[in-house]
Structures are given as C-alpha cells and as structure tokens.
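Asks: The structure follows.
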Amino acid sequence: MQILLNDSAYEPQKIIGVGRNYDAHIKEMRAVPTGEPVLFIKPPTALSSITETITIPTGFGSVHHEVELAVLISRGGASISEAAAMEHIGGYGLALDLTLRDLQSAAKKKGLPWAVAKGFDGACPISPRFVDKSTVKDVHHLDMALTVNGEVRQRGNTGQMIFRLPFLIAFISRFFTLHAGDVILTGTPSGVGPLRPGDKLSMELEDIGRAETRVAGRE
Ligand code: MG
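Heads up: the sequence shown is residues 1272 to 1490, going by the working numbering.
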C-alpha cells in the first residue's frame, strides 16, 4: 500500500511499533514499564486503508483495537540524533495497531515473540493520506479517541506518551535503518478491547483527521 503525503507517494518497507508507551495502557495490560521502548515490526503486508472496511481474522481468538498516532519518515537515516530526529518526519496519520490479543498473551507467557500477534495481514489499518507535519502545531499535545458502535472505548492525548518522538526515532534508528516511507506507530492509550465483525468504528486524532469504517471477518 502507498501512503500519500502532499504530492508524493511513499511505499513503506516496514512499520515499527512501539509498545507500552502510555501508562494507563501498561496498567490495564498488567504489564511492567520497561524503562526503554518495546519495539516490534509489522511487515508492509499488514497495511490497509483505515477508510475502507477492516477485515479481521476470526480463527485465532480476540483481535483488539489500539488507536495510535502514526509517523511517516520522509528522510531516511541510521543512528539519528534526538536533535535531528524531527527533520526526518514528513507527516502524521491515524493508525490502528490491531493485535491478536489471545495469541500475544500466550506468547508473552512463554517468552515467545509477538510477530504473528502484531504482523498478520491487515494488522495495520492506516490513513491513506497523511498530513504535513507543518500543519500540526504540537504533536505531543493531541487528543485522540476511538468509538465502537457509538460507545467511546479509547480516549487519550499524545501528551501522555512516555517516550516522545525525538527519543523514539533516535532509539529505533540505532537498530533499524529508517527509509523514506517507513512508519512508526507510537503506542496506544488505555481502553483497548475486542473487535467483532459488524462493528462500526470511528476514530479521531486532533489536527490529523478522523476515519469511519466497519469491521468484517475472514476465515
Ligand atoms: Mg500498540
């Protein structure tokens, strides 16, 4: 899937997810703060447009919604400094970090990786068009919300992020060279929960946009 920003189309090579970046979500998961970002990767095959019907697998237990601020890298680099990090961002979008929660919980218990739970096909619905970073006054102060069938499930503010964007980009790029088009998912506030086929979803991220869609199941 391509992501549009201004007059350019980007082809993400990887999506880097950040786990445990909001205190209230760490608490609801009964997880332990780690002192540094928890990273995982979703392959480009996880991408789908957040404005189109979201298709979730039905044979592997619960699929949880996690609404997140997504960051599009427009200039690549490795070992990027915190001071230079914001210059590598092109824009911002809205994403869902869909998670096969039962599989993830089983993996955590066994000390196994989250690859399947986080990286399955369609696990990353995302804005097909991002907004230029210059149009966002303060990316660390944006309200976000996710509603399922008219009921607000998630509400948070990017100001609650434990690790902010300059630190995240510096940390991530020590391990993974970032290319133009790569996407960073910055973590979710509390209120995650299961999606079911037929659900109507609406999501909003201040200054960045809103999306409405529905959920369908697949075998
Ligand atoms: Mg997440």
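For every residue, glycine included, the Cβ atom is placed at its ideal position computed from N, Cα and C.
With distance defined between alpha-carbon atoms, name the residue in L1367, T1448, D1478 nearest to V1402.
Replies: D1478
Asks: How long is the line joining the alpha carbons of V1303 and D1278, rounded to whole angstroms?
Replies: 42 Å
Asks: Taking the alpha carbon of A1317 as the point to measure from, which residue in D1453, L1436, S1345, R1485 has its own alpha carbon closest?
Replies: For the options D1453, L1436, S1345, R1485, the alpha carbon positioned closest to that of A1317 is the one of D1453.
Asks: Going by DSSP in three states, I1440 sits in which element: helix, strand or coil?
Replies: In the structure shown, I1440 sits in a helix (DSSP, three-state: H, G or I).
Asks: Do the stretch 1339-1349 and the stretch 1436-1456 make contact, defined as three or more Cβ pairs closer than 8 Å?
Replies: yes
Asks: Within a Cβ cutoff of 6 Å, which residues of the same chain sit near S1473, ignoring the five residues on either side of it in sequence?
Replies: T1418, E1483
Asks: Just to confirm, is the Cβ distance from T1326 to G1393 under 7 Å?
Replies: Yes, these two residues count as a Cβ contact at 7 Å.
Asks: Below 6 Å, is the gap between the Cβ of E1299 and the nearest heavy atom of the ligand MG?
Replies: Incorrect: E1299 has no Cβ contact closer than 6 Å to the ligand MG.
Asks: Helix or strand or just coil, what does DSSP make of V1423?
Replies: strand
Asks: Would you check whether the ligand MG has a heavy atom nearer than 6 Å to the C-beta of T1484?
Replies: no
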